[in-house]
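Protein chains in written order, with our numbering: chain G, 24 to 447; chain L, 24 to 447.
Pasting the structure below:
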């Protein structure tokens with residue numbers, strides 16, 4: 024292997040992972056039998072890491088290991104092994120607050136940069152279900168709880184400043200993965216770069232116009248600065264619908280390897296941006312026999328619920344038990360204080376909503392004009408049809424990013440989405 | 024000593040500091056002769072640290088050492104020795120950009136938490152000069168350069184994100200000193216606390232009204248949240264007129280032990296708030312024989328120059344050579360981009376001005392209603408006269424903090440100061 028790795032590190036394989044797990048007594052007991060009885064399948068979808076599903080007579084586990092490079096690209100794009108450390112650290116921090124909304128963690132191995140965790144079954148990646156128009160009636164409820172609790176409890180509203188700085192310090196080292204976001208989301212789609220791609224020639228015009236759109240470039244750069252300098256809470260950092268595993272009853276957030284202390288709106292916007300992207304993509308999946316209109320209604324309704332439920336839960340946490348150093352309790356104990364603080368909470372949520380709209384838009388644009396695309400759109404085979412969906416998506420996203428203050432509520436966003444699509 | 028200290032640490036004294044410096048060849052050479060020839064004077068003004076001036080036949084140095092507690096209070100208020108480390112780290116980071124606007128550093132001793140640096144002579148603490156109505160015609164020029172360069176070059180506008188995070192991580196540990204600011208500046212003056220004191224009974228009424236002023240408490244809490252979560256640049260953290268040593272020709276910023284990555288407006292506001300505080304205090308120092316009107320004019324003119332020169336220099340740095348990851352260069356290379364970025368720089372400065380006004384107000388209030396007062400006001404012996412000055416100061420500060428957006432320019436601030444004082 025050309026890339027240097029720390030002593031003791033070796034990449035696991037389908038042949039070696041069972042022996043490795045046999046050395047972890049708790050895991051071995053969970054699987055039952057002996058290593059010889061276990062079946063191993065590598066299921067990493069190929070982007071970054073190795074992911075093994077290991078099944079034994081009594082149970083199964085999932086083992087995820089960092090490689091020292093981006094698996095999709097190879098050794099030409101090195102990537103720090105430590106991303107497993109940050110993923111595990113974030114799962115631990117968030118896990119204390121979100122319970123079963125993330126997988127249970129069984130083991131972390133700092134030498135192999137490997138996490139052994141609950142195997143989620145029969146869960147699938149949410150995006151795959153959404154492309155087939157599967158509804159997840161509890162998703163908005165689950166993800167809004169995840170967002171409200173993970174963000175609130177790692178913010179200055181809930182933590183003492185020294186405690187927050189102690190946690191923040193750990194994630195200051197996750198710079199390589201933050202850099203990927205800074206480049207791929209906030210920069211590359213707005214300039215010529217060899218990593219960019221789009222449906223061509225159909226989108227050549229709009230891609231070119233975005234690269235020359237000074238107003239848009241200022242707006243995305245302002246968001247980028249906020250991403251880099253606003254340490255509000257411990258973010259998942261990559262919270263799209265490919266980072267959620269679901270059944271119709273259950274939702275689990277996975278893969279927080281991009282975790283760092285950043286602006287809350289980035290995580291919330293990621294969810295909302297990816298839902299909107301799916302909404303527009305449905306026109307490429309609809310057939311004469313299968314209209315997707317009802318599903319699109321469901322997607323927009325879910326989008327609305329994600330924000331409204333997030334806001335309601337976040338406000339409730341803040342009102343009920345905030346013990347952080349921000350807005351200290353004893354300053355607002357009298358009647359006037361209670362009332363003023365409640366107005367300030369509303370103002371805080373309005374600022375956070377604006378961030379959410381902006382970051383959501385950035386997430387939509389990068390999936391169409393940047394390096395990494397979503398299968399919601401990629402799986403539309405006809406390029407003209409795909410480009411039509413993508414153009415609508417870009418049109419709304421530009422409006423969200425440049426005219427953010429025009430969107431006063433999440434209903435304004437879904438109404439704008441319908442209008443762009445030509446609905447009523 | 025009741026407080027545990029790391030192995031190797033010992034507090035220096037007038038009797039031992041010469042022998043200590045004799046063991047540092049560069050310092051010994053600078054002083055000339057031998058330890059027996061050196062005279063030592065302890066000059067720490069008693070708040071936090073030990074400060075020795077050591078004079079030899081060929082030169083002199085200043086040695087500053089942390090004690091494990093607040094010297095003013097004693098062992099009952101422990102304080103981490105590491106503040107010397109943060110001071111030295113900040114001096115090193117800022118020093119690369121501000122040159123002779125800080126003292127030259129000769130040595131840092133991580134065991135003794137001691138910094139040996141240039142002895143500034145015949146400099147005095149600026150506040151002491153201002154109380155005597157001494158003008159510093161170059162101060163606005165010097166401090167605006169210090170602010171513009173120290174803040175710009177440690178921000179995302181000048182640094183690559185990974186470089187900034189690497190620096191930021193170091194200062195994440197300076198939580199104890201940040202906590203002092205969070206408590207003493209942003210919290211205590213707005214609630215009943217045994218540490219608070221004010222000119223009583225004259226200010227009992229206004230102190231009580233501030234504690235019940237919900238609008239004001241929301242405003243200061245919003246600033247506190249920004250202080251805790253907005254990592255814009257490496258701040259000095261305590262930049263009042265007691266942290267500047269001056270002659271009529273020279274200005275040097277000292278004592279950045281509160282350094283951390285925070286909102287730029289906090290440092291700029293500290294300078295402006297302390298100038299305004301001095302402006303109002305002059306009415307307590309004027310006598311029949313000595314009007315301070317002209318000096319007050321000079322103070323307000325200087326206040327205006329600090330902001331306008333800061334803004335001009337900061338914008339020039341940004342326009343000329345910004346190489347940071349924020350607002351990346353190649354996104355704004357065409358004519359429309361150049362124009363849009365220039366408008367965005369103006370908008371950025373407007374946001375920074377609002378922060379500056381708010382933080383400046385917080386600095387003024389804490390010096391009158393909180394624990395640590397300024398000699399500008401404390402040295403006014405007649406409590407009625409002092410209280411009159413302090414009341415004007417509090418009146419302006421409340422307006423600045425609550426009605427921040429009414430102040431569109433620094434001239435609006437100085438005009439409001441004059442109006443509160445009953446001038447034209």
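Idealized CB from N, CA, C, for every residue including glycine. The model shown is predicted, which means the values in this text are computed figures rather than measured ones.
Delimiting residues of the beta strand (DSSP E) encompassing residue i
i              : result
residue 96(G)  : Careful: residue 96(G) lies outside any beta strand (DSSP E) and carries neither H nor E.
residue 37(G)  : Run containing residue 37(G): none; DSSP gives neither H nor E here.
residue 74(L)  : 73-78
residue 85(L)  : 83-88
residue 381(L) : From DSSP, residue 381(L) is part of no beta strand (DSSP E) but of the alpha helix (DSSP H) over 358-392.
residue 284(L) : 283-285
Coarse secondary structure for residue i, derived from DSSP in three states
i              : result
residue 157(G) : coil
residue 213(G) : helix
residue 200(G) : helix
residue 24(G)  : Residue placement at residue 24(G) cannot be trusted, given a pLDDT of 47 that sits under 50; what the coordinates show is reported in the next sentence. Note: residue 24(G) maps to coil in three-state DSSP.
residue 277(G) : coil
residue 70(G)  : coil
residue 227(L) : helix
residue 290(G) : helix
residue 401(L) : helix
residue 29(L)  : coil
residue 132(G) : strand
residue 178(L) : coil
Interface residues of chain C facing residue i [CB-CB closer than 9 Å]
i              : result
residue 185(L) : The structure shown contains no chain C; the protein chains it does contain are G and L.
Separation of residue j from residue i, as counted between CA atoms
i              : j              : result
residue 334(L) : residue 350(L) : 18 Å
residue 36(L)  : residue 103(L) : 19 Å
residue 309(G) : residue 384(G) : 24 Å
residue 382(L) : residue 243(L) : 8 Å
residue 262(G) : residue 228(G) : 30 Å
residue 270(L) : residue 161(L) : 9 Å
residue 446(L) : residue 326(L) : 17 Å
residue 415(L) : residue 402(L) : 17 Å
residue 109(G) : residue 189(L) : 16 Å
residue 146(G) : residue 426(G) : 38 Å
residue 300(G) : residue 173(L) : 42 Å
Local Cβ density within 10 Å of residue i, reported as buried at 16 or more and exposed below that
i              : result
residue 304(L) : buried
residue 356(L) : exposed
residue 24(G)  : Low per-residue confidence applies at residue 24(G): pLDDT is 47, beneath 50, and the placement is therefore not dependable enough to give any value.
residue 448(G) : Any property of residue 448(G) remains undetermined from this structure, which presents chain G solely from 24 to 447.
residue 432(G) : exposed
residue 347(L) : buried
residue 170(G) : buried
residue 134(L) : exposed
residue 224(G) : exposed
residue 70(G)  : exposed
Residue range of the unbroken alpha helix (DSSP H) whose run includes residue i
i              : result
residue 125(G) : Run containing residue 125(G): none; DSSP gives neither H nor E here.
residue 325(G) : 316-344
residue 417(L) : 406-425
residue 186(L) : 184-194
Closer than 8 Å to chain G by CB, residue i
i              : result
residue 251(L) : yes
residue 350(L) : yes
residue 363(L) : yes
residue 427(L) : no
residue 357(L) : yes
residue 244(L) : yes
residue 305(L) : no
residue 241(L) : yes
residue 24(L)  : Note that residue 24(L) scores a pLDDT of 47, beneath 50, so its modelled location is shaky and nothing firm can be said.
Contact with chain L by residue i, beta-carbon distance below 8 Å
i              : result
residue 354(G) : yes
residue 10(G)  : Since the first and last residues shown for chain G are 24 and 447, residue 10(G) lies out of range.
residue 205(G) : yes
residue 188(G) : yes
residue 290(G) : no
residue 287(G) : no
residue 110(G) : no
Any non-hydrogen atom of the ligand GDP within 7 Å of residue i CB
i              : result
residue 273(L) : Among the ligands in the structure shown, none appear at all, so the ligand GDP cannot be discussed.
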